[in-house]
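In the working numbering, the protein residues as written are 19 to 74.
Where is the CB? At the ideal position from N, CA and C, for every residue including glycine.
Here the structure comes first, spelled out in structure tokens, and everything after it is commentary.
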Amino acid sequence: MQAADWIAGLVGRFGAYWCDKDAYADYKVFADYFEHRLHRAAKRSGIRTNAPRATQ
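Put into structure tokens, the structure is as follows:
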């Protein structure tokens, strides 16, 4: 399995768990083991904050 596929699956499970913790309660194990590591390694791109604003 490629690392990118594994990371995408992990992040997808985090997203589902963060959006609806009751419906995806079985994904809590991923948050317990990997959430801190993912936050520590992740870096936001800044595309939303650095993008030029449209003029009106």
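Worksheet item: Are there 16 or more other CB atoms within 10 angstroms of the CB of residue 51, so buried, or fewer, so exposed?
Response: Within the sequence shown, numbered from 1, the residue matching residue 51 stands at position 33. Exposed is the call here.
Discussion item. Going by DSSP in three states, residue 60 sits in which element: helix, strand or coil?
Written reply: Start at 1 with the first residue of the sequence shown, and residue 60 comes out as number 42. Looking at residue 60 - three-state DSSP - the assignment turns out to be coil, as it is neither helix nor strand.
Discussion item. Between 33, 59, 62, which has its C-alpha nearest residue 49's C-alpha?
Written reply: Position 31 of the sequence shown, counted from the start, is the residue given in the question as residue 49. Closest by alpha carbon: 33.
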